[in-house]
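Under the numbering used here, the residues of the sequence shown are numbered 312 to 407, in order.
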Amino acid sequence: MKYIISILAVTVLFSASTFAAKQITREESANYTKIGDVSLTQTGTPSIGHKKLAKEANKKCWASGNVKARDCFYLIVDRSGHESDHKTVNAEVFKK
C-alpha cells in the first residue's frame, strides 16, 4: 500500500507542470485567440520565472470563461528592469 501511494505521489508531482499554461512564439500566437494581458512586477531576487507567469496566465484563462490550463498559452511581449533589483514582465494570454 505504501508503495502505491509513493508511486501516485511521484506521478502527481511530475504531471503537475503538464497542466500549466505554456509559452508560445509570436508566430504560434497567430493560431490562437487572445483573451487578455498579464503583468508581473517583482522586487529583489529571484527573478520572475515561467512558473509564476504560467500561474497568472492560468488565472486569466479561467476568469475569461473557464478555459482549462491545457488550452492556455502566453507570449512574453516585454521585459524591463534589472533582474537583481526590480523586474516587470508583460505577456499576452491566448486560448486554443
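Just so you know, even glycine gets a beta-carbon here, dropped at the ideal spot from N, CA and C.
{"Item": "Helix, strand or coil at S340 according to DSSP, with G and I counted as helix", "Value": "helix"}
{"Item": "A374 vs A332 beta-carbon contact at 8 Å", "Value": "no"}
{"Item": "Identity of the residues DSSP links to C383 by a beta bridge", "Value": "K406"}
{"Item": "C-alpha distance - D348 paired with L386, whole-angstrom precision", "Value": "9 Å"}
{"Item": "Close Cβ partners of R390 (< 6 Å) along its chain, the five nearest in sequence each way excluded", "Value": "V400"}
{"Item": "Bridge partners - S350, DSSP secondary structure assignment", "Value": "N401"}
{"Item": "Endpoints, alpha helix (DSSP H) assigned at N377", "Value": "Here N377 belongs to no alpha helix (DSSP H), and DSSP marks it neither H nor E."}
{"Item": "CA-to-CA distance, L351 to L364, given in whole angstroms", "Value": "7 Å"}
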